[in-house]
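Residue numbers are given in this note's numbering: position 156 of the sequence shown equals residue 157, and the series is strictly consecutive.
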Amino acid sequence: MSTDREAPLLRDYRLERWLASARYADSARGTCSSHGGDYHWTERVQYAVGHAVNRYYSADPAMRRHADAGELVDYRWPRRIAYFDSEQSYWQLKDQVARNLHAFFASDGYEGQRPVMLYETFETRIEELGIDLSMIVQAAWQGTDEQGLHLQKFVVEYDPAVLDGYRHAARVFCRCAFGADPAKIEAYHVLSGEYIDLSLDDIPYENSLDYLKLAYSGMKQGDEEQLCVCGRCRREKEASTELRLS
Numbered sequence: 002m003s004t005d006r007e008a009p010l011l012r013d014y015r016l017e018r019w020l021a022s023a024r025y026a027d028s029a030r031g032t033c034s035s036h037g038g039d040y041h042w043t044e045r046v047q048y049a050v051g052h053a054v055n056r057y058y059s060a061d062p063a064m065r066r067h068a069d070a071g072e073l074v075d076y077r078w079p080r081r082i083a084y085f086d087s088e089q090s091y092w093q094l095k096d097q098v099a100r101n102l103h104a105f106f107a108s109d110g111y112e113g114q115r116p117v118m119l120y121e122t123f124e125t126r127i128e129e130l131g132i133d134l135s136m137i138v139q140a141a142w143q144g145t146d147e148q149g150l151h152l153q154k155f156v157v158e159y160d161p162a163v164l165d166g167y168r169h170a171a172r173v174f175c176r177c178a179f180g181a182d183p184a185k186i187e188a189y190h191v192l193s194g195e196y197i198d199l200s201l202d203d204i205p206y207e208n209s210l211d212y213l214k215l216a217y218s219g220m221k222q223g224d225e226e227q228l229c230v231c232g233r234c235r236r237e238k239e240a241s242t243e244l245r246l247s
């Protein structure tokens with residue numbers, strides 16, 4: 002799945018950030034974003050969830066029944082209450098995530114099995130688009146007989162646009178890397194305990210290719226505009242400094 006020549010690289014987490022950016026867009030156009038200095042609590046909780054899932058499925062299947070979801074979540078849970086809206090919210094969210102992960106682990110349907118991929122990063126060439134696609138596979142299971150690959154994604158924020166992007170990217174990735182679509186793509190919302198089926202039914206493969214092509218083009222344009230804006234901000238700052246020093 003690795004590539005042997007350089008090509009533009011599309012990373013799945015950058016695609017997700019771009020798709021989610023509309024919700025965090027600056028109200029005033031033409032100014033540099035203030036985001037990126039500190040992480041929102043959802044990102045910190047997502048980090049803790051990732052570690053909990055990874056530690057659980059890395060354990061020997063026979064030992065998983067002894068795992069405590071609360072302890073797994075606590076391992077990387079944010080220590081600073083100030084990251085959250087309130088102390089009450091801090092403890093409620095922690096309990097909520099632990100409870101829903103416990104329910105997920107108890108009913109995942111793969112007792113005694115190990116994921117074939119677990120929080121691993123892979124790259125593959127998308128020849129039709131002339132780009133490489135990098136994907137972080139959170140958990141993937143190989144179904145029996147003709148069932149094929151089952152992809153699972155754990156999310157803290159429920160964002161339909163982000164999940165739609167993940168569905169198309171995962172589908173194209175699997176087709177190019179493994180020669181077949183995944184049998185099932187599923188997201189689990191750890192705050193609500195909801196399973197979200199990201200079905201590919203009635204979606205032609207060409208639609209997924211077009212989606213990635215348009216998304217990659219939009220991301221490139223956004224990067225160029227951001228560079229332009231940041232360059233203008235830098236020049237304005239330098240000019241302001243010169244005026245103060247003169």
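The C-beta atom is built at its ideal place from N, Cα and C for all residues, glycine as well. For clarity, every value in this text was computed on a predicted model and none was experimentally measured.
query                                                                                                                    : result
Cut-off 6 Å between Cβ atoms - residues of its own chain near D160, not counting five sequence neighbours on either side : A21
Touching by the beta-carbon criterion (3+ pairs, under 8 Å), the segment 160-169 and the segment 64-77                   : no
Those residues which DSSP pairs with V156 across a bridge                                                                : H190
In DSSP terms, what K185 is bridged to                                                                                   : H151
Where Y120 falls: helix, strand or coil (DSSP)                                                                           : strand
Helix, strand or coil at Q114 [DSSP, three-state]                                                                        : coil
Residues bridged to V138 [DSSP beta-bridge criterion]                                                                    : E121
For L11, three-class secondary structure by DSSP                                                                         : strand
The segment 112-128 touching the segment 137-146, judged by at least three CB pairs closer than 8 Å                      : yes
The segment 82-94 touching the segment 55-63, judged by at least three CB pairs closer than 8 Å                          : no
Spatial neighbours of H190 in its chain, beta-carbon cut-off 7 Å, leaving aside the 5 residues before and after          : V156, Y159 and I197
Residue range of the unbroken alpha helix (DSSP H) whose run includes E72                                                : A70 to R77
For E257, three-class secondary structure by DSSP                                                                        : Nothing can be reported for residue 257: it is not among the residues displayed for the chain, which extend from 2 to 247.
CA-to-CA distance, H103 to K221, given in whole angstroms                                                                : 40 Å
Same chain, Cβ closer than 6 Å to S218, neighbours up to 5 away in sequence not counted                                  : none
Secondary structure of D198, DSSP reduced to three states                                                                : strand
Alpha-carbon spacing of P144 relative to A83, whole angstroms                                                            : It is worth fixing the name first, because residue 144 is Gly in this sequence and not Pro. Going from the Cα of G144 to the Cα of A83 covers about 43 Å.
Integer Cβ distance of H1 from Y14, believed to fall under 8 Å                                                           : Residue 1 cannot be examined here, being either before or after the span of the chain that is shown, 2 to 247.
Proximity below 9 Å, CB of W19 to CB of A188                                                                             : no
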